[in-house]
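Scroll down for the structure; my scribbles are underneath it.
Residue numbers (this note's numbering): 63 to 140.
So, in structure tokens, the structure goes:
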């Protein structure tokens with residue numbers, strides 16, 4: 063992904079924003095980047111949690127299968 067560097071002079075020249083408008087825009091861009099960073103971290107944590115839960119479900123499924131098999135053998139013996 064191509065990184066776009068915003069400079070005050072470039073934006074003022076190309077889009078005609080005044081200093082106050084430009085400061086507001088750049089501040090909002092900074093806030094959005096921070097939010098994006100936080101969301102990226104949260105997504106990473108959720109993926110890790112999902113992976114752990116998937117592992118736990120698999121283990122529980124295996125345990126359930128073993129218990130079902132044991133139950134079947136016990137039922138047959140009785």
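Ideal placement from N, C-alpha and C gives every residue a C-beta, glycine not left out.
Query raised in the report: What number of angstroms, rounded off, separates the C-alpha of residue 88 from the C-alpha of residue 125?
Result: 55 Å
**Report entry** Length of the line joining the Cα atoms of residue 93 and residue 99
**Finding:** 10 Å
Requested in this report: For residue 119, name the three-state secondary structure that DSSP assigns.
Outcome: helix
Query raised in the report: In this structure, does DSSP put residue 105 in helix, strand or coil?
Result: helix
Query - Alpha carbon of residue 82 to alpha carbon of residue 90, nearest angstrom - result: 12 Å
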